[in-house]
Amino acid sequence: KNEVEQSPQNLTAQEGEFITINCSYSVGISALHWLQQHPGGGIVSLFMLSSGKKKHGRLIATINIQEKHSSLHITASHPRDSAVYICAALTPRQLTFGSGTQLTVLP
Amino acid sequence: EPEVTQTPSHQVTQMGQEVILRCVPISNHLYFYWYRQILGQKVEFLVSFYNNEISEKSEIFDDQFSVERPDGSNFTLKIRSTKLEDSAMYFCASNGDRQETQYFGPGTRLLVL
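First to last, the protein sequences are chains A and G. When you line the first sequence up against the working numbering, it's residues 28 to 134, in that order. When you line the second sequence up against the working numbering, it's residues 135 to 247, in that order.
1. Less than 9 Å between the beta carbons of residue 172 of chain G and residue 222 of chain G, yes or no?
2. List the DSSP bridge partners of residue 103 of chain A.
3. Hey, would you say residue 99 of chain A sits closer than 9 Å to residue 39 of chain A, going by beta carbons?
4. Looking at the C-beta of residue 129 of chain A, does it have a partner C-beta in chain G at a distance below 9 Å?
5. From A:30, A:31, A:90, A:132, pick the residue whose C-alpha is nearest to that of residue 102 of chain A; which is it?
6. In chain order, what residues of the segment 180 to 213 of chain G put their CB closer than 8 Å to some CB of chain A?
7. Report all residues from its chain with a CB closer than 8 Å to the CB of residue 42 of chain A; omit the five preceding and five following residues, and keep chain order.
8. Any idea which residues DSSP pairs residue 209 of chain G with across the strands?
9. Please report the straight-line C-alpha distance between residue 237 of chain G and residue 148 of chain G, rounded to a whole angstrom.
10. If residue 128 of chain A sits next to residue 36 of chain A, beta carbons under 8 Å apart, how far is it from one beta carbon to the other, in whole angstroms?
11. Comparing alpha-carbon positions, which option in A:113, A:57, A:84 lies nearest residue 91 of chain A?
12. Please list, in chain order, the chain G residues whose beta carbon lies closer than 7 Å to that of residue 70 of chain A.
13. Could you tell me whether the segment 198 to 213 of chain G touches the segment 160 to 168 of chain G, using the rule of 3 or more Cβ pairs below 8 Å?
14. Are the CB atoms of residue 68 of chain A and residue 174 of chain G within a distance shorter than 9 Å?
15. Is it true that the CB of residue 203 of chain G sits closer than 9 Å to the CB of residue 179 of chain G?
16. Keeping to the same chain, check which residues put their C-beta closer than 8 Å to that of residue 122 of chain A; ignore five residues upstream and five downstream.
17. Taking only beta carbons into account, state which residues of the segment 98 to 115 of chain A come closer than 9 Å to chain G, listed in chain order.
18. When you compare the CB of residue 83 of chain A with every CB in chain G, is at least one pair closer than 9 Å?
19. By the three-class DSSP mapping on this structure, what secondary structure does residue 173 of chain G have?
And the structure:
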């Protein structure tokens, strides 16, 4: 059974700070998703990656397959980045979700 | 941009009643999924569906649950006899290939009284 752990659970930052959220998983996966969940509950997919690094605007996701670890970085954080960030590991047949990181960015 | 839609956005029902949650996946997608999130907890996988049959289901997806693609556009989740513990947000998702990004619908918040 795949276990997906995220840290930290909660993160408060000042606007402009560089943020890192970590995700580790216990079994081999084919890909890892990073998702954003807004206060209303809606889920938006940010990245899906199976190796290396991906960048979209101020968001960067990296994955180390050997170490079973991924990170999501936010550069120049902004209050609108406040949300829950969830990693989800894709095994061949299903997604297993982490419990999420509640990010609050203060102006 | 195409999106996954779900109806209703909220549903309140009495324990023991049947509910049907509806989803319209993105039109050229072939893989469909249901997830649930109990308030304050992780998102959990329920079931995946491809080529008109279930391809994977979790332990949560017991005989009370069923899925159907009744026509070319809708994908439904039926809970036969709801229990209090079925209260959750239910998300539908779809993708064109299992290895692609999944696109999530906005969710249906189900409250069982």
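From the three backbone atoms N, C-alpha and C, an ideal C-beta is built for every residue, glycine too.
A quick look at the data gives this:
1. Counting from one through the second sequence, the residue named residue 172 of chain G turns up at place 38. Counting from one through the second sequence, the residue named residue 222 of chain G turns up at place 88. Contact: yes.
2. Counting from one through the first sequence, the residue named residue 103 of chain A turns up at place 76. Paired residues: none, contrary to the question.
3. The residue labelled residue 99 of chain A in the question sits at position 72 within the first sequence. The residue labelled residue 39 of chain A in the question sits at position 12 within the first sequence. Not a contact, by the Cβ cut-off of 9 Å.
4. By one-based count along the first sequence, residue 129 of chain A stands at place 102. It does not: the Cβ of residue 129 of chain A has no partner Cβ on chain G nearer than 9 Å.
5. As a working mapping, residue 102 of chain A is identified with position 75 in the first sequence. Out of A:30, A:31, A:90, A:132, A:132 has the C-alpha closest to the C-alpha of residue 102 of chain A.
6. 182, 189, 190, 192
7. As a first step, residue 42 of chain A must be located in the first sequence, where it is residue number 15. Once the five neighbours on either side are set aside, the close Cβ partners of residue 42 of chain A are 104, 105, 106, 132, 133, 134.
8. Working through the second sequence from its first residue, we reach residue 209 of chain G at position 75. Per DSSP, G:157.
9. Mapped onto the second sequence, residue 237 of chain G falls at position 103. Mapped onto the second sequence, residue 148 of chain G falls at position 14. Going by the C-alpha atoms only, they are around 30 Å apart.
10. Indexing the first sequence from 1 puts residue 128 of chain A at position 101. Indexing the first sequence from 1 puts residue 36 of chain A at position 9. Contact flag correct, Cβ pair sits at about 6 Å.
11. Residue mapping note: residue 91 of chain A aligns to position 64 of the first sequence, counting from 1. Checking every option, the nearest Cα to that of residue 91 of chain A belongs to A:57.
12. In the first sequence, the residue the question calls residue 70 of chain A occupies position 43. Near residue 70 of chain A (Cβ distances below 7 Å), the residues of chain G are 225, 238.
13. yes
14. As a first step, residue 174 of chain G is located in the second sequence; it is residue number 40 there, counting from the start. As a first step, residue 68 of chain A is located in the first sequence; it is residue number 41 there, counting from the start. Not in contact: residue 174 of chain G and residue 68 of chain A (Cβ atoms no closer than 9 Å).
15. The residue labelled residue 179 of chain G in the question sits at position 45 within the second sequence. The residue labelled residue 203 of chain G in the question sits at position 69 within the second sequence. Cβ atoms of residue 179 of chain G and residue 203 of chain G: not closer than 9 Å.
16. Taking the first residue of the first sequence as position 1, residue 122 of chain A is located at position 95. Closer than 8 Å at Cβ, skipping near neighbours: 60, 115, 116.
17. 113, 115
18. Walking along the first sequence from the start, residue 83 of chain A turns up at place 56. By this cut-off, residue 83 of chain A is not an interface position.
19. Counting from 1 along the second sequence, the entry for residue 173 of chain G is found at position 39. Correct three-state label for residue 173 of chain G: coil.
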